[in-house]
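Residue numbers (UniProt numbering), protein chains in the order written: chain A, 1 to 565; chain B, 1 to 164. Here is the structure we will look at.
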Amino acid sequence: MVVRALRDEGVKYIYGYPGGALLHVYDALFQQEDVQHILVRHEQAATHMADAYARATGKAGVALVTSGPGATNAVTGIATAFTDSIPMVVITGQVMSHLIGEDAFQETDMLGISRPIVKHNFSVQRAEDIPATIKKAFYIAQSGRPGPVVVDIPKDMTTPTDRFPYEYPKSVKLRSYNPISRGHSGQIRKAVDMLLQARRPVIYSGGGIVIGDASAELTELAQLLNFPVTNTLMGLGGYPGTDRQFVGMLGMHGSYEANMAMHHADLILAVGARFDDRVTNATDKFCPTARIIHIDIDPASISKTIRADVPIVGPSKVVLEEMVGLVKESSKKPDAQALDSWWKQIDEWRGRHGGHYRTDDSELMKPQQVIEMLSKVTNGDAYVCSDVGQHQMFAAQYYKFNKPNRWINSGGLGTMGFGLPAAMGVKMNFPDADVACVTGEGSIQMNIQELSTCKQYDLPVKILCLNNQSLGMVRQWQDMNYESRHSQSYMKSLPDFVKLVEAYGHVGMKVDKYADLEGAMREAFALKDRLVFMDIAVDPFEHVYPMQVPRGSMRDMWLSKTERT
Amino acid sequence: MRHIISVLMENEPGALSRVVGLFSQRNYNIESLTVAPTEDSTLSRLTVTTIGDDRVVEQITKQLNKLIDVVKVVDLTEGDHIERELMMIKLKANGQMRAEIKRTCDIFRGQIIDVTPNTYTVQLIGASDKLDAFIASLGNTTSIMEVVRSGVSGIARGEKVLSL
Ligand SMILES: Cc1cc2nc3c(=O)[nH]c(=O)nc-3n(C[C@H](O)[C@H](O)[C@H](O)COP(=O)(O)OP(=O)(O)OC[C@H]3O[C@@H](n4cnc5c(N)ncnc54)[C@H](O)[C@@H]3O)c2cc1C
Ligand SMILES: Cc1ncc(C[n+]2csc(CCOP(=O)(O)OP(=O)(O)O)c2C)c(N)n1
């Protein structure tokens, strides 16, 4: 019934790992062809693959893991999806129902363990409830503010000889759950009035544009109004990265112009963004002159850390569409003169510090150069799946994302080990697309075993390992805050990655000169049917800048090792 | 400020642990908590008293509303409401103390519901501060052996109801 329900939900791939509690389900999988199972090498990777599928498509990915250690291995992946509001259904096996609570073999209380990191979870109590429960799980995961849903199924609920009538519901309704479908018209009108009067506006948009499929509406509104747009780390690609109105990412490692524009704005239109602490810096110093319009599908995101003057609860797509309509209809026009001088100011900021880094102070390749090359070689069109650390920030800053759903990274949880499985999940579903995994020598080793899965399923992703021989992001903080005491941030015993990937049956390349980079990268992407691991030696001393000064305002930033605003 | 939040939720296994978990996970405080099924056995009514500034309480109600099992949430302290708590208290009671305790009970409209040669067990219903006052006023008369309080239940005054 589990497999049938997944088939009827239209699921093509599930990612998982078998075990005792799931043997009945795996036997059912074996006997059909509609739902294909991808065998990973560690359950964490299964959840990241499912999660990345969701990030790339907007639809819930599915992971299947056994009870006990299988389920606990999936926990990091569930939490990763939860913090970034990603729809996912995770089916966990459970011991037989009569053994629950008896410390049975491979029993863990998965409902209890997962409770704080899921949108909802279910424990199946009767086998005949399986189809309806799975339907509910997909519905809850994908509607409203998306998130992961766990379905825990005791082994005896899947006994093949027990037969029950099967019906997969077409739709479900829950009296206690009614996701909102549109915003409050009065509030929207009020917001549009404010937009049309703004003199120094900024649009600050986030993951709620990407996962809410509202990129076209956002772009139209911004261009209609001629407002600058900044994206959160999660929102990149929500507005075209090469457009003149795009001022870059904001926040801790945001661009100088984005953070300056925020700080000096008189109106901020926040949409699908949650005023994360990596964005706002000290909340009491946040954007002192700005009034705030906040559109979010989750009322709890509004006025959580920063109070909104005009809250609008609703899906970004629908609300923005309505705003576009109102702006077009309105007899008022944006204040062209005020916007003109605002743009002059922004362009001046952009000219002063926009995206500069030094290449002259060492012989070594700069990580930024590698990302710029990736952007060039793939025409800004690749799916870029990142791990966590400095390389992630460089990718966010220097890859120009023109389309949504192409930048796949763990923002809220910052899960090292996410990148490779994420790239695999994307490649599986978009076999013809260029899929890059940008990683560091630290992160890649957290799920490197998945190179074996790549071999089994022929997943020719391109891995760019920015090898700085250290846990760079940790090291940077130690440089800046701990007088360069590099406690445990240095990796002394790195493997020979080229040999390692060759052992897994893939192609390895070592690049240590900038002059060789373009050729090697083009060659790697030209090898369409091979996984290529590029071990790229980069400057181990490089820091990510700008970097906001702790407890400061948006405009307080380090711009290089020696310059501060 | 102290708030009394009433929650109507699905009477399902796990629902209560989600509510309690939410409070500890998000570092909200619980002063008291009561829960029982309603006249419709598929629904439970939960009352939680908490202390926090307006922003925290706003987040608490929003986060409670987000739980899939939760049907409705109201902050009773936003309007006129009635709150009650039940206390049973076992007191040392012998000799002259017995009359004194009885008098105090009468003043607070408590009832003695169990008696032994050396103890009284008193039942008292009222707002929490009345129960506190009763305990305080016995301080000089006798010694308290055991206290059990139900936690606050509350309901809105007038025609307002919390239902489906
Ligand atoms: C090393 C490191 C450094 C970082 N530095 C930065 C940084 O410099 N800048 C930065 O921005 N981030 C940074 N982050 C990421 C940061 O931690 C947060 O993950 C990120 O800022 C959150 O992005 P967001 O506000 O877009 O929210 P998300 O987590 O993407 O949340 C989406 C919001 O949109 C809402 N939503 C969802 N669907 C819809 C819909 N259909 N309609 C309307 N609303 C919807 C949700 O309710 C939620 O409030 C960093 C992370 C790491 C690991
Ligand atoms: C699972 C996990 N453990 C620890 C951390 C803390 N952390 C954040 S960045 C980082 C260093 C990452 O090093 P590397 O992958 O080599 O990337 P670099 O910063 O050098 O580019 C660490 C340890 C984390 N984010 N995730």
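All residues carry an ideal CB built from backbone N, CA and C; glycine is no exception.
What residue does the beta strand (DSSP E) around residue i start on, and which one ends it?
i, result
"Ser255(A)", "Note, Ser255(A): premise wrong, no beta strand (DSSP E); not H, not E."
"Tyr204(A)", "201-205"
"Gly440(A)", "435-440"
"Thr49(B)", "43-51"
"Cys465(A)", "462-467"
"Gln111(B)", "111-115"
"Gly248(A)", "246-249"
"Asn231(A)", "229-231"
"Tyr53(A)", "Looking at the DSSP string, Tyr53(A) is not in any beta strand (DSSP E); the run it does join, the alpha helix (DSSP H), is 43-57."
"Thr33(B)", "According to the sequence as given, residue 33(B) is Leu; it is not Thr. That run of the beta strand (DSSP E) goes 32-37."
"Gly154(B)", "153-156"
Please report the residue range of the alpha helix (DSSP H) in which residue i lies.
i, result
"Glu135(B)", "For the record, residue 135(B) in the displayed sequence is Ile; it is not Glu. Element bounds for Ile135(B): 128-138."
"His98(A)", "Where His98(A) is concerned, there is no enclosing alpha helix (DSSP H), given that its DSSP letter is neither H nor E."
"Pro131(A)", "130-142"
"Met424(A)", "419-429"
"Glu58(B)", "54-66"
"Asp80(B)", "No alpha helix (DSSP H) holds Asp80(B); DSSP gives it neither H nor E."
"Asp277(A)", "277-280"
"Glu9(A)", "Where Glu9(A) is concerned, there is no enclosing alpha helix (DSSP H), given that its DSSP letter is neither H nor E."
"His24(A)", "23-30"
"Thr554(A)", "With the sequence shown as reference, residue 554(A) is identified as Met, and Thr is not the correct amino acid for it. Neither: Met554(A) is in no alpha helix (DSSP H) and is coded neither H nor E."
"Asn11(B)", "Segment: none, Asn11(B) is in no alpha helix (DSSP H) and carries neither H nor E."
Relative to the C-alpha of residue i, which residue among the options is closest?
i, options, result
"Ser205(A)", "Val35(A), Leu320(A), Met473(A), Arg485(A)", "Leu320(A)"
"Met446(A)", "Glu483(A), His264(A), Lys455(A), Gly389(A)", "Gly389(A)"
"Lys160(B)", "Ile101(B), Thr119(B), Val74(B), Glu10(B)", "Val74(B)"
"Met87(B)", "Ser143(B), Arg103(B), Phe108(B)", "Phe108(B)"
"Asp458(A)", "Lys528(A), Asn468(A), Lys513(A)", "Lys528(A)"
"Gln223(A)", "Asp296(A), Ile130(A), Ala273(A), Met323(A)", "Met323(A)"
"Val313(A)", "Gly208(A), Trp343(A), Ala74(A)", "Gly208(A)"
"Met262(A)", "His294(A), Pro228(A), Arg278(A)", "Pro228(A)"
"Thr161(A)", "Lys328(A), Ala127(A), Arg199(A), Gln449(A)", "Ala127(A)"
"Ile91(A)", "Gln31(A), Lys499(A), Thr133(A)", "Thr133(A)"
"Met480(A)", "Lys499(A), Trp558(A), Ala515(A), Pro404(A)", "Trp558(A)"
Can you list, in chain order, the residues of its chain with a C-beta nearer than 7 Å to that of residue i? Leave out the 5 residues immediately preceding and following it.
i, result
"Arg18(B)", "Leu67, Asp69"
"Phe497(A)", "Cys465, Gly508, Phe533, Asp535"
"Gln63(B)", "Leu22, Arg26"
"His391(A)", "Pro367, Val438, Thr439, Gly440, Leu466"
"Gln540(A)", "The question names Gln, but residue 540(A) in the sequence shown is Pro. Hits under 7 Å: Asn468, Gln469, Ser470."
"Ser137(B)", "Thr104"
Within its chain, find whatever has a CB closer than 8 Å to the CB of residue i; leave out the 5 residues flanking it on each side and keep chain order.
i, result
"Ile408(A)", "Ala52, Arg55, Ala56, Tyr383, Val384, Cys385, Ser386, Ala422, Ala423, Val426"
"Met96(A)", "Ala104, Pro154, Lys155, Asp156"
"Gly52(B)", "Met1, His3, Tyr28, Asn29, Ile60"
"Lys304(A)", "Arg274, Phe275"
"Val192(A)", "Met323, Leu326, Val327, Ser330"
"Leu250(A)", "Tyr204, Thr230, Asn231, Thr232, Ala258, Asn259, Met262, Val279, Met554"
"Ile100(A)", "Gln94, Glu107, Pro154"
My guess is that residue i and residue j are in contact by the Cβ rule of under 8 Å, so how many angstroms apart are they, rounded?
i, j, result
"residue 590(A)", "Met365(A)", "In this structure chain A extends from 1 to 565, so residue 590(A) is not present and cannot be described."
"Gly442(A)", "Leu420(A)", "About 13 Å; that fails the 8 Å criterion."
"Ala503(A)", "Val511(A)", "About 20 Å; that fails the 8 Å criterion."
"Tyr415(A)", "Thr72(A)", "In the sequence under discussion, the amino acid at residue 415(A) is Thr, which differs from the Tyr named in the question. In fact, because the Cβ distance is near 15 Å, the residues do not count as touching under 8 Å."
"Ser154(B)", "Ile4(B)", "In the sequence on display, residue 154(B) carries Gly and not Ser. Sure, about 5 Å apart at Cβ, within 8 Å."
"Ser316(A)", "Glu10(B)", "The pair is not a contact, with the Cβ atoms about 29 Å apart (cut-off 8 Å)."
"Ala63(A)", "Gly16(A)", "6 Å"
"Lys455(A)", "Gly505(A)", "5 Å"
"Gly237(A)", "Leu218(A)", "Going by Cβ atoms, the distance from Gly237(A) to Leu218(A) rounds to 11 Å, so no, they are not a contact pair."
"Val11(A)", "Val40(A)", "Rounded, the Cβ-Cβ distance is 16 Å, inconsistent with contact."
"residue 567(A)", "Phe525(A)", "With chain A represented from 1 up to 565, any question about residue 567(A) goes unanswered, as that position is not in the structure."
Near residue i, which residues of its chain fall below 6 Å by C-beta distance, leaving aside the five closest residues on each side in sequence?
i, result
"Ile371(A)", "Phe394, Ala395, Tyr398, Tyr399"
"Arg551(A)", "Ala282"
"Pro37(B)", "Asn11, Ser44"
"Val57(B)", "His3"
"Leu6(A)", "Val35"
"Asp298(A)", "Arg145"
"Arg530(A)", "Pro460, Val507"
"Gln476(A)", "His543"
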